[in-house]
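Everything below concerns the one structure shown next.
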Amino acid sequence: MNLESILFTQGFGSRRQCRALIGDARVSVDGAVRTDPDTDFPITGDAFTFSVDGVVWPYREHAYLLLNKPAGYECSRDPQHHPSVFSLLPPQFAERGVQCVGRLDQDTTGLLLLSDDGKFVHLFTSPKRKVPKLYVATTRHPLDDAQLTRLRDGVLLHGEPKPIAAVDATARGEHALALTVMEGKYHQVKRMIAAAGNRCEALHRERIGGLALPATLAPGAWQWLDAADLGCLRSG
Ligand code: URA
């Protein structure tokens with residue numbers, strides 16, 4: 139693939155902008171500045187890297203990302219009341235069509251997936267596909283066994299034809315509830331907690347399938363997902 143196409147597919151702007159970046163000697167491969175946009179490079183697997191203004195980027199046919207979402211950010215490219223989660227990412231991700239894989243509320247924190255692989259986004263957001271998602275909620279009132287039982291047995295949410303049951307509901311403390319759900323309905327966890335007789339004061343997503351939010355990833359930080367991470371995600 140030629141250097142212009144490499145930059146273009148990775149979200150570094152229009153073809154014209156990519157040619158200009160290369161022509162301005164801002165792009166290097168293997169430590170050497172390359173000023174010819176038509177130079178071809180073999181792209182095999184995930185090994186190819188290039189740098190723009192000294193920042194190294196891996197070539198990826200598709201971007202699969204994980205963000206530790208902080209509170210106060212909207213999962214939208216066109217946010218209404220808060221900054222967008224895309225403001226936490228390098229701009230080339232939005233440029234290449236990366237989108238959120240499902241949404242977290244603006245005040246929910248934790249594991250958010252993003253990708254520009256339409257099939258992947260569809261697979262993980264389709265209501266037909268049941269993927270366990272583990273949330274930890276801080277509750278206003280102390281948790282009790284009756285609430286946990288109601289959550290495990292199923293609670294009826296407004297507008298839903300039948301009760302929705304948590305796969306697991308466990309108290310991690312007097313006000314800390316670990317809840318695993320399969321669906322991804324609007325405000326689902328907050329509504330389930332309310333229907334069980336409590337109130338969600340804060341919500342954090344820890345895990346999707348077998349993929350956990352890395353403890354070392356600071357709020358607001360992101361990382362690429364590799365093949366092993368994607369395998370974990372599916373292995374739930
Ligand atoms: N359930 C909610 O209520 N909010 C979220 O952000 C995610 C799940």
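Going by my numbering, the letters in the sequence shown line up with residues 139 to 374, in that order.
For glycine and all other residues, C-beta sits at the position ideal for the given N, C-alpha and C.
Here the structure is a predicted model, which is why all the values come from computation and not from measurement.
To which residues does DSSP link L204 through a beta bridge?
L251 and Q361
Can you give the beta carbon distance from H313 to L281, rounded, assuming they're within the 8 Å contact cut?
7 Å
8 Å contact criterion, which L226 and Y202 should meet: CB distance rounded
Rounded, the Cβ-Cβ distance is 16 Å, inconsistent with contact.
Look up Y273 in the DSSP assignment and give the residues it is bridged to.
L317 and R343
Examine ligand 1 and report whether any of its heavy atoms sits within less than 8 Å of the Cβ of V293.
no
Suppose you measure from the CA of L249 to the CA of A350; what does that come to, to the nearest Å?
8 Å
Which residues mark the beginning and the end of the beta strand (DSSP E) in which D306 is found?
D306 to G311
Rounded C-alpha distance that separates S264 from D255:
14 Å
Got a sec? Which residues, its chain only, sit under 6 Å from R329 by beta carbon, not counting five neighbours each side?
L295
Specify, as a first and last residue, the run of the beta strand (DSSP E) that S189 falls within.
T187 to V190
On the criterion of 16 or more Cβ atoms from any shown chain inside 10 Å, does G322 qualify as buried, or is it exposed?
buried
For a test of the three-state rule: what should DSSP assign to D178, helix, strand or coil?
strand
Whole angstroms is fine: what's the gap from V229's alpha carbon to L286's?
Correcting the residue type first, residue 229 is Pro in the shown sequence and not Val. When rounded, the distance between both Cα atoms is 43 Å.
Identify the continuous beta strand (DSSP E) that holds V193 and give its terminal residues.
V193 to P196
How about the segment 332–341 and the segment 169–179: do they share at least three Cβ pairs that are nearer than 8 Å?
no
Just reading off the beta strand (DSSP E) that V167 is part of, what are its end residues?
V165 to V167
Skipping 5 residues on each side, what residues in its chain have a beta carbon closer than 8 Å to that of Q361?
L203, L204, P352 and L355
Could you give the first and the last residue of the continuous alpha helix (DSSP H) run that contains M330?
Q326 to A333
Counted within 10 angstroms of its Cβ, other Cβ atoms place Q148 as buried (16 or more) or exposed
buried
For L371 and V193, what's the separation of their Cα atoms in angstroms?
29 Å
Nearest to T182 by alpha carbon, out of G169, G240 and Y197?
Y197
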